[in-house]
Ligand code: SF4
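In structure tokens:
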């Protein structure tokens with residue numbers, strides 16, 4: 008525990024203090040859909056990885072307080088090197104990033120010299136630097152469609168997203184064996200039971216889910232795609248197979264509809280809350296804005312290498328966020 012996190016902040020109006028510091032620092036708060044509702048509500052922009060990357064690249068704020076996980080805050084720093092980028096909790100990692108150590112990924116690449124590396128944004132700056140093109144779940148479809156079918160590809164680090172893209176686009180990408188521990192935890196048995204309790208309710212799933220969950224989905228897409236589906240679908244109930252904090256935005260957008268988180272093995276969807284995203288709290292956001300720590304710092308040579316593959320994504324994904332989303336199952 009840091010000295011900061013041992014401070015007694017009781018008695019402080021954290022929301023008012025965060026808003027005051029935000030103005031004082033000329034800061035922007037970027038919040039991912041998987042953040043706690045109170046953080047989403049304080050964010051200037053709430054979005055998925057692609058949307059937040061774009062916001063980070065465009066902002067004229069001096070400070071970016073990134074409420075998400077470390078690879079996302081690193082992406083913001085890669086795209087906006089002159090800004091101060093703070094992450095409320097530097098331990099907010101990601102199981103996909105952890106599954107793909109750069110030295111092992113470098114060996115994988117070297118073993119397949121005729122393949123290009125298409126890499127999911129959920130990876131370290133070092134792995135981005137070893138990649139040719141980065142994708143997010145909302146840009147992957149559009150980007151793959153621009154790569155000639157004969158071009159051999161390695162895809163990492165999420166084998167479920169890669170497998171889904173292979174099936175959907177008829178590709179044969181070599182897959183790195185990483186998984187998201189959150190999406191891996193959904194239970195097919197419990198999902199079938201839930202569907203039986205809500206006959207006719209569609210299922211929307213994130214492509215980080217394993218195939219036995221995807222097989223039950225009426226819609227497969229990024230978090231922003233799933234949110235859009237929630238707004239436009241017919242019917243009044245949706246079963247949501249992704250991190251359940253996205254439901255906060257759904258309930259705000261269409262309060263008349265009912266959203267039910269898909270269950271984990273014990274029938275309780277709490278096991279699908281991302282433990283890394285949950286590390287960020289209002290207290291830590293307040294301290295990050297007050298102290299401008301913990302701060303993302305990157306070696307400049309590494310940043311420039313990583314930026315190349317991110318720039319390719321931003322160019323290939325075009326101007327419209329979500330244009331390359333994966334769409335119906
Ligand atoms: S939900 Fe999964 S992919 Fe997203 S940050 Fe958490 S562990 Fe990583």
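Residue numbers (our numbering): 8 to 336. Note that CB positions come from ideal geometry on N, CA and C, so glycine has one too.
| query | DSSP state of residue 10, grouped into three classes? | reply | Here the question's residue 10 lines up with position 3 in the chain shown. Any answer about residue 10 is weak, because its pLDDT of 49 lies below 50 and its placement is not dependable; what the coordinates show is given next. If DSSP states are grouped into helix, strand and coil, residue 10 belongs with the helices.
| request: Take every Cβ of the stretch 106-117, pair it with every Cβ of the stretch 72-89, and state whether three or more of those distances are shorter than 8 Å. | output: no
| task | With DSSP as the reference, label residue 55 as helix, strand or coil. | result | Here residue 55 is taken as the residue at index 48 of the chain shown, counted from 1. In the structure shown, residue 55 sits in coil (DSSP, three-state: anything other than H, G, I, E or B).
| request: Please list the segments of the alpha helix (DSSP H) lying wholly inside the stretch 47-104, counting only runs of 4 or more residues, in order along the chain. | output: 56-65, 77-86
| field | Element boundaries [alpha helix (DSSP H), containing residue 28] | value | Mapped onto the chain shown, residue 28 falls at position 21. Residue 28 -> alpha helix (DSSP H) spans 21-31.
| task | Specify the secondary structure class of residue 121 as computed by DSSP and reduced to three states. | result | Stepping through the chain shown from its first residue, residue 121 is reached at position 114. If DSSP states are grouped into helix, strand and coil, residue 121 belongs with coil.
| How big is the Cα-Cα spacing for residue 108 and residue 263? | Counted from its first residue, the chain shown places residue 108 at position 101. Counted from its first residue, the chain shown places residue 263 at position 256. The alpha-carbon atoms of residue 108 and residue 263 are separated by roughly 45 Å.
| message | Quick check on the DSSP output: the alpha helix (DSSP H) that includes residue 239 runs from which residue to which? | response | The residue given as residue 239 occupies position 232 in the chain shown. It spans 230-239 - the alpha helix (DSSP H) in which residue 239 sits, taken as one unbroken run.
| Sorry if obvious, but does the Cβ on residue 181 come closer than 8 Å to a heavy atom of the ligand SF4? | Within the chain shown, numbered from 1, the residue matching residue 181 stands at position 174. Flag unset: Cβ of residue 181 not near the ligand SF4.
| heavy atom of the ligand SF4 below 8 Å from residue 216 C-beta | Residue numbering aside, residue 216 sits at position 209 when the chain shown is read from its first letter. Residue 216: no, Cβ never under 8 Å from the ligand SF4.
| message | Quick check: residue 172 and residue 151, are their CB atoms within less than 9 Å of each other? | response | The sequence position of residue 172 within the chain shown is 165, counting from 1. The sequence position of residue 151 within the chain shown is 144, counting from 1. Yes, the pair counts as a contact, with Cβ atoms nearer than the cut-off.
| said: Which residue marks the beginning of the beta strand (DSSP E) containing residue 163, and which one marks its end? | reply: For the purposes of this step, residue 163 is taken as the residue at position 156 of the chain shown. Element bounds for residue 163: 159-163.
| Going by other Cβ atoms of all chains shown within 10 Å of its Cβ, with 16 needed for buried, is residue 71 buried or exposed? | Taking the first residue of the chain shown as 1, we reach residue 71 at position 64. The residue is buried, with at least 16 neighbouring Cβ atoms inside 10 Å.
| Run of the alpha helix (DSSP H) containing residue 245, from where it starts to where it stops | Here the question's residue 245 lines up with position 238 in the chain shown. Here residue 245 belongs to no alpha helix (DSSP H); instead the beta strand (DSSP E) covers 244-248.
| Any 3 or more C-beta pairs closer than 8 Å across the stretch 126-136 and the stretch 38-49 | no
| query | Terminal residues of the continuous alpha helix (DSSP H) containing residue 147? | reply | Looking up residue 147 in the chain shown gives position 140. Per DSSP, residue 147 belongs to the alpha helix (DSSP H) from 147-151.
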